[in-house]
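The structure under discussion appears below in the form of structure tokens.
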Amino acid sequence: MKQPSLTIDLKFRNRTRLLRLILLVSLLCIIARMLYFEGFQAKAYLADAEKTWTFTEQLPAIRGTIYDRNGNKLAYTSIAYIVRADLTMMKDARKHPGNMPYAGDPQAYAEKLSPLLNVPVDELYKKLTTPNQVGVDLSQTPVNDTVKAKIDALNLPGIFYGQAQTRVYPNNTLAAHVLGYVDTSGNGQYGIEQEYDKQLSGTPGTDTYLKDAHGNPLPFTKQQLVAAKNGNDVYLTLDETIQTYVEQALDEVVKQYNPDNASVIVADPKSGQILAMGNRPTYDPNHYGDESAQTALNNNRAVNASFEPGSTFKLVPLTGALQENKINLDDTFKSGYIMVSGQRINDWWTPGWGQITFRKAVNVSSNVGFVIIGQKLGQDLMDKYMHEFGYGQPTGIDLPGEADSLLFPLNNITKLQLATESFGQGLAVTPIQQVSAVTAIANGGNVMKPFLMQKIVNPDTHQVVTTNQPVVRSKLTVDPTVLQTVRSIMEDDITNDESPTKPGYLPGYHIAGKTGTAQYPDPTTGLYYEKRYITSFIGFAPAQNPQLEIYVTVQNPRNAGDNQFGNVVATPAAREIFSKALPYIGIQPDNSDSSQTTGSQPPSTDQTKYVQAPNLVGATTADAKSQVQKAGASLQLIGSTGSITAQFPSPSVSVQSSQSIICIAGNGQEADGSIIMPDLTGLSLKDTANLLNKLGIIFQPAGEGFVAGQSILKGTKIQPGSSVQVTFK
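If you count the sequence shown from 1, position 626 lands on 625 in numbering that gives the first Met the number 0, and the numbers rise without skipping.
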């Protein structure tokens with residue numbers, strides 16, 4: 000009867016043994032697993048845990064400062080603030096506004112912050128109502144202390160700040176293309192900021208520590224701090240004062256002529272140091288993102304634009320021909336035009352000047368004369384001197400984006416191409432290449448590499464990290480006496496300029512210069528524009544011991560009308576810079592030269608009064624009479640109807656009060672189609688040629704200088720196509 004009980008007990012014991020076995024195996028597995036983790040995975044899990052506990056904060060390096068040669072700050076880094084909004088706090092503020100009815104109101108916040116952040120109201124409102132987000136940045140552009148104080152004064156709950164750095168350009172547009180800018184990521188873009196970004200940016204540091212669940216540093220734990228290495232300071236060769244003179248001159252060019260663009264470079268021709276460089280249009284690197292800045296951004300035309308240089312290039316074949324004894328300056332040739340490979344090449348003044356010397360060819364910038372010079376020199380020697388002057392390769396200036404020159408290939412050049420090349424047409428060079436080439440004429444034969452970085456300095460130790468030294472790109476195989484002759488010819492070009500205004504002349508200063516006027520092609524057709532020119536001037540002073548070299552180029556000076564000449568447009572800007580910069584660097588005028596004329600006036604032995612010609616183009620005849628009377632001059636009006644279409648001399652030119660300003664109304668004709676002959680007395684050859692050409696009168700010049708007589712008396716009624724002989728003295 001007891002058998003069933005024994006059976007049940009046996010089953011129970013078996014089950015207990017099985018359970019103990021399962022528990023034992025499970026315990027062994029747990030122990031094995033623990034041993035595995037402890038022995039083999041401990042480091043990995045500890046590292047993961049430490050990642051949770053450890054926080055590494057990046058410590059930004061302060062970007063280096065950019066100085067001019069005299070230690071004036073051109074760009075520096077300042078602490079700024081990123082404006083942010085906590086949307087949760089704003090939501091709480093709306094629930095408990097207190098005494099602020101607009102507390103937490105996105106629309107009110109957007110309206111109040113918009114003018115301070117320069118962000119549209121709609122854009123701010125969208126950010127302030129972003130769904131499923133706690134914090135938002137209201138602007139990518141940091142604000143300074145002044146703006147932060149204004150925001151704080153609004154007392155807006157939920158608005159807070161993140162600290163940032165901002166790049167400050169204290170002179171706004173001054174040297175903008177040279178300096179470049181720093182983008183929102185802290186990277187240097189264009190200009191010096193990009194060229195020396197590695198040296199300026201420095202190396203960020205780190206701060207590593209253990210934190211609790213709330214992100215607070217744990218006490219009594221080790222903190223690992225790696226200090227940031229601030230960026231080095233860069234000192235430039237630029238002179239802030241001379242740069243200011245350049246900016247002022249460019250502004251005046253834009254105001255007077257409304258060109259497509261304009262550029263100016265000022266250099267030390269002995270070392271290659273760039274003392275100033277400016278362009279128009281320009282921009283403010285503090286606000287490089289503005290729409291108005293985009294046309295000028297990253298567009299330093301002084302370095303990255305190539306174009307036909309025109310007559311400023313004539314210095315190259317002139318130097319080569321003199322060195323090779325291919326010409327004598329007193330030899331003569333017939334000016335006007337020359338035929339090359341069946342093509343007619345004209346002088347800018349198509350009738351020419353008759354039989355003239357090569358010396359005269361330089362003074363009047365005769366294309367025919369330089370075609371002959373180029374033919375005598377030959378292509379092999381022309382190519383030799385072009386490369387000795389540094390054309391055919393970039394200058395190596397320490398700025399990004401430098402363009403190169405475009406030259407005819409030596410092996411395939413035609414006779415016609417050699418001819419046009421001789422007077423600066425058909426090839427393309429950059430302004431900085433022109434400056435580098437002419438340093439050789441100025442300093443006696445060394446083509447200098449232009450540069451902007453003077454030295455790099457550690458801001459903490461004040462130790463000089465590196466410096467820039469003058470580098471000779473190439474040497475001219477030219478006798479020093481030849482270069483002295485070229486300098487003298489260039490000085491004579493300024494001193495004996497036949498223009499009544501003598502636009503390049505400064506009393507007491509010996510300036511050497513050469514002007515240029517070149518057509519440029521329409522990019523859509525490839526053909527030259529009819530009435531669009533690039534006017535230029537390149538020169539240096541003092542002529543026989545140059546300290547300053549200036550290059551000015553102005554493209555399509557619209558308000559110049561038919562006077563788009565380098566002598567009219569570009570030279571006065573260079574003279575203005577010379578007049579300020581030469582005394583500034585300590586070069587005083589030569590008193591022995593004091594008997595000569597003042598800067599913008601023709602030679603005179605009396606105390607003649609001069610007045611400045613107003614801009615009359617576009618004015619009515621009545622308004623023109625009023626403006627001329629107010630200026631203290633007299634007016635000659637040619638034509639009976641219409642507004643003023645042209646004037647001679649050009650606006651802003653100084654004229655004797657006794658000399659009339661001649662204006663053409665409409666087409667210059669009377670109601671019956673006739674023309675009333677004007678009094679040409681005192682006009683230069685160039686102005687006389689332009690005036691008579693515009694009226695359709697055939698011009699027969701005789702002599703040099705300024706108009707002293709005319710074969711048809713003033714007031715005589717003549718017909719278009721009539722011929723007049725004009726005597727110059």
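For every residue, glycine included, the Cβ atom is placed at its ideal position computed from N, Cα and C.
Judged by pairs of C-beta atoms under 8 Å, the stretch 372-380 touches the stretch 311-330, as three or more such pairs exist. Leaving aside the five residues that flank Lys716 on each side, the residues in its chain whose CB is nearer than 7 Å to its CB run, in chain order, Ser673, Ile675.
Counted as a single uninterrupted DSSP element, the beta strand (DSSP E) harbouring Val225 occupies residues 223-225. Of the candidates Ala74, Met338, Glu251, Met338 places its Cα closest to the Cα of Thr419. In the three-state scheme derived from DSSP, where H, G and I count as helix and E and B as strand, Gln518 is classed as strand.
DSSP, reduced to helix, strand and coil, places Leu679 outside both helices and strands of the structure shown, so it counts as coil. Taking Val470 as reference, the option from Asp491, Thr438, Met489 with the minimal CA-CA separation is Thr438.
With contacts defined as CB atoms closer than 8 Å, Asn131 and Ala79 fail to qualify as a contacting pair. In this structure Arg14 is exposed. Its beta-carbon is surrounded by fewer than 16 other beta-carbon atoms within 10 angstroms. By the neighbour-count definition (other C-beta atoms within 10 Å, threshold 16), His95 is an exposed residue. Taking C-alpha positions only, Leu405 is separated from Thr129 by approximately 55 Å. According to DSSP, residue pairing for Asn278 in a beta bridge involves Ser262. By alpha-carbon distance to Thr534, the top candidate from Tyr508, Pro571, Lys147 is Pro571. Residue pairing of Thr552 in beta bridges, as defined by DSSP: Ser262, Ser535. For the pair Ile637 and Gly667, the CB atoms are nearer than the 8 Å cut-off. Contact between Val361 and Asp492 holds, with the beta-carbon distance rounding to 6 Å and staying under 8 Å.
Among the bridge pairs identified by DSSP, Lys454 is matched with Tyr234, Thr466. Per DSSP, the unbroken beta strand (DSSP E) holding Tyr75 starts and ends at 72-85. Just so you know, the alpha carbons of Val456 and Ile549 end up roughly 29 Å apart.
Between the alpha carbons of Leu58 and Gln162 lies a distance of about 11 Å. Counting only residues of its own chain and dropping the five nearest sequence neighbours on each side, Val302 has a CB closer than 6 Å to the CB of Leu398, Glu401, Ile431.
With respect to Leu615, Ala621 sits apart: the two C-beta atoms are not nearer than 8 Å. Note on Cys28: under 16 other CB atoms within 10 angstroms of its CB, so exposed under the neighbour-count rule.
In this structure, the CA atom of Ser487 is about 15 Å from the CA atom of Thr311.
CA-CA distance, Pro141 to Ile576, rounds to 37 Å.
The straight-line gap separating the alpha-carbon atoms of Arg531 and Asn278 is approximately 19 Å. With a 10 Å radius around the Cβ and a threshold of 16 neighbouring Cβ atoms, Asp121 comes out exposed. If you check the CB distance, Ala707 and Thr687 do not come in under 8 Å.
Three or more beta-carbon pairs drawn from the stretch 150-159 and the stretch 88-105 are found closer than 8 Å, and the two stretches are therefore classed as touching. Counting only unbroken stretches of 4 or more residues, the alpha helix (DSSP H) elements lying wholly within the stretch 615-701 are 620-630, 684-694, in sequence order. In the assembly as shown, Glu192 is a buried residue. Its beta-carbon has 16 or more other beta-carbons within 10 Å. When the beta-carbon positions are compared, Tyr244 and Ala580 come within less than 8 Å of each other. The C-beta of Tyr504 has 16 or more other C-beta atoms within 10 Å across all chains shown, which makes the residue buried. In the DSSP assignment, Thr480 falls within the unbroken alpha helix (DSSP H) covering 479-494. Scanning the stretch 178-209 for uninterrupted beta strand (DSSP E) segments of 3 residues or longer gives 204-209, listed from N- to C-terminal end. With fewer than 16 other Cβ atoms from the protein chains shown falling within 10 Å of its own Cβ, Ile697 counts as exposed.
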